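Q: Heads up: the sequence shown at position 216 corresponds to 216 in the UniProt record's numbering, and the numbers run straight through without jumps. Quick reminder that beta carbons are idealized off the backbone N, C-alpha and C, glycines included. Just so you know, these numbers come straight off a predicted model, no measurement behind them. Sharing a structure below in structure tokens format, with a few things to ask.
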Amino acid sequence: MSLAGVGEASDGAEGGVIRARYRRVFVLVISSLSSRADPGPPLRRAVCVSVPGKHDHRSTVHKKVLIGAVGIGLVGALGIGGTTAYASLDKSVTVSVDGKARNLHTFDSTVGDVLASQKIKVGPRDVVAPARTAKVADGTRIAVRYARPLTLDVDGSKQTHWVTAMSLGEALNDLGGRFDGARTSASRGVGIERKGLTVDVITSKSVVISHDGKKTPLDEPLRTVSEALAKAQVKVDADDRVKPSLSTEVKDGTAITVNRVEVRKATRKVALSYDTIHRKTSSLYKGSSKVGRTGHKGEKAQVFRTTYVDGKKVKTQLLSQKVVRQPVDKIVLDGTKTRSSGGSSSGGGSSSGGGSSSGGGSGGGGGNVGGGVDSLNWAALAQCESSGNPRAVNPSGYYGLYQFSLSTWHSVGGSGNPIDNSSAEQTYRAKLLFKRDGAGQWSCGSHLYD
């Protein structure tokens with residue numbers, strides 16, 4: 001039935017009013033239902049009702065009641081249809097962003113639409129599940145994980161990974177078994193913020209330490225040789241040799257060798273030989289010689305440093321040396337006196353005169369030893385040997401005016417130490433020594449003939 005048919009049901013002005021009201025209601029219904037999937041005839045039949053014509057029997061119907069009934073019917077139809085349409089388009093979904101979830105109602109049809117309407121921006125590295133093109137239905141759960149930079153300084157080499165994990169431990173697990181057992185500068189439970197995280201990582205390495213005659217294997221997160229020795233409780237000192245050096249960064253399979261070095265110092269006494277000096281003397285005939293002074297060895301102290309590696313001596317080095325006692329040179333007197341020719345006849349003549357001479361010398365000496373010894377220049381000898389000091393002491397072991405050794409002093413009857421005796425006693429013992437052994441006992445013996 002058309003809107004014209006409806007208009008024919010009323011006459012005059014009053015009918016026009018009714019037609020206008022019917023028209024507005026009908027248009028409202030049509031426009032409302034135009035968005036429905038199936039705006040079919042059944043709803044039109046429910047709205048459009050027949051009105052009796054001019055010649056039909058009319059039942060008394062109050063116009064206001066009729067209009068109200070039609071309005072109620074149309075509104076009811078609109079209410080039922082609208083509610084059904086709304087219910088079919090509205091969906092309840094859950095959106096989780098980095099683990100924080102919220103429930104919402106939406107008319108959007110895809111995951112991407114939902115994120116856009118909620119102003120949730122995602123980049124190419126971010127993870128969205130389901131995919132952004134997926135359709136959403138009532139009860140759909142959408143998860144968003146933002147990518148964040150994780151910078152790892154792995155054994156001194158920096159590398160950056162984009163991860164969606166929320167904690168360091170989760171990220172390392174996602175990156176693979178390389179980091180199993182690794183030591184990190186931050187706890188594995190620390191969270192990774194969107195601005196990122198920087199962590200030092202020391203990976204586990206297998207090394208072998210050779211030391212003290214044995215091998216110690218290690219499988220630990222290590223960075224340097226020094227750390228490996230500390231972990232294995234292998235102590236080294238400044239002398240020990242470590243290869244590679246303590247600061248060397250270790251790699252998987254690095255072999256470390258420790259050699260124990262011991263340094264010992266020792267002092268050794270070494271004898272110093274003396275020289276033999278020959279001196280000419282006119283007190284001896286040519287071709288004859290005599291020891292003027294006995295030689296004595298000196299001594300020096302040497303300090304050595306010896307290096308032992310793993311118990312074996314590898315090097316000895318002289319550090320210092322000092323003379324403790326100087327050597328005393330040996331003096332040999334070689335005669336220069338020439339024998340006189342025709343010695344037998346002159347010898348006889350000298351014999352009688354010699355006795356007289358000898359007797360005179362001996363008698364005139366008084367406390368002397370005789371035999372011409374007393375007439376020698378003993379003062380010159382004393383001056384040369386000791387500068388005329390009866391208490392002179394030579395560190396080499398010689399004493400007094402004539403520099404006696406104690407053994408020589410005692411051999412000619414001297415008692416105690418020469419320096420504790422008078423000058424006359426020392427001179428007397430020196431004369432006895434000369435008479436027994438000659439001038440060769442003194443390095444200055446030639447001065448006796450000055």
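Does the count of Cβ pairs from the stretch 198-207 and the stretch 170-185 closer than 8 Å reach three?
A: At 8 Å Cβ cutoff, the stretches touch.
Q: For F107, which of helix, strand or coil comes out of DSSP?
A: The answer is coil: DSSP assigns F107 none of H, G, I, E or B.
Q: In angstroms with no decimal places, state the Cα-to-Cα distance between G388 and K322.
A: Taking the straight line from one Cα to the other gives about 31 Å.
Q: Which residues in the same chain as S352 place their Cβ atom closer than 7 Å to its Cβ, once the five residues preceding and following it in sequence are excluded?
A: Summary for S352: the model assigns pLDDT 31, below 50, so the residue's position carries little reliability; its value from the coordinates is reported in the next sentence. Closer than 7 Å at the Cβ level, and outside the excluded window around S352, lies no residue.
Q: Just the Cα atoms here: how many angstroms apart are P244 and I256?
A: Their Cα atoms are separated by approximately 6 Å.
Q: In angstroms with no decimal places, state the Cα-to-Cα distance between V314 and R268.
A: Their backbone Cα atoms lie some 19 Å apart in a straight line.
Q: To the nearest angstrom, how far is it from the Cα of S247 to the Cα of S226?
A: Taking the straight line joining both Cα atoms gives about 6 Å.
Q: Contact defined as beta carbons within less than 8 Å: I believe V250 pairs with A271. What is the distance between those atoms, to the nearest angstrom?
A: Actually they are not in contact, since the Cβ atoms of V250 and A271 sit about 54 Å apart, beyond 8 Å.
Q: Nearest CA to the CA of G413: which residue from G400, L432 and A424?
A: When each option's Cα is compared against that of G413, the closest is L432.
Q: If you draw a straight line from the alpha carbon of V207 to that of L168, how long is it in whole angstroms?
A: Taking the straight line joining both Cα atoms gives about 27 Å.
Q: Please report the straight-line C-alpha distance between K330 and V291, rounded to a whole angstrom.
A: When rounded, the distance between both Cα atoms is 8 Å.
Q: Who are the Cβ neighbours of R125 in its own chain at under 6 Å, not counting the five residues just before and after it?
A: Answer for R125: A147 and W162, listed in chain order.
Q: Within the present structure, is the beta-carbon of L115 separated from the nearest heavy atom of the ligand GTP by less than 8 Å?
A: Summarising the ligand content, the structure contains no ligands, and the ligand GTP is consequently not present.
Q: List the residues that DSSP assigns as beta-bridge partners of K280.
A: Looking at the DSSP assignment, K280 forms a beta bridge with D334.
Q: Please go through the same chain and pick out, in chain order, the residues whose beta-carbon is closer than 7 Å to the beta-carbon of T294, but skip the five residues on each side of it.
A: So the qualifying residues of the chain are K330.
Q: Please name the residue in P217, A379 and R241 whose C-alpha comes closest to that of A424.
A: Minimum Cα distance to A424 is reached at A379.
Q: In the DSSP output, what is residue 476 paired with across the bridge?
A: Given that the chain is displayed from residue 1 to residue 450, the structure contains no residue 476 and the question cannot be resolved.
Q: Count the other CB atoms within 10 Å of the CB of R194; is the residue buried (16 or more) or exposed (fewer)?
A: Its Cβ having fewer than 16 others within 10 Å, R194 is exposed.
Q: Is T281 buried or exposed, if buried means 16 or more other CB atoms sit within 10 Å of its CB?
A: Buried, since its Cβ has 16 or more Cβ neighbours within 10 Å.
Q: Between V127, T151, V111 and I120, which has its C-alpha nearest D138's C-alpha?
A: Comparing Cα-Cα distances from D138 to each of V127, T151, V111 and I120, the minimum goes to V111.
Q: Is it true that the stretch 392-411 meets the stretch 427-446, where meeting means three or more beta-carbon pairs spaced less than 8 Å apart?
A: Cβ pair count under 8 Å is three or more, so yes.
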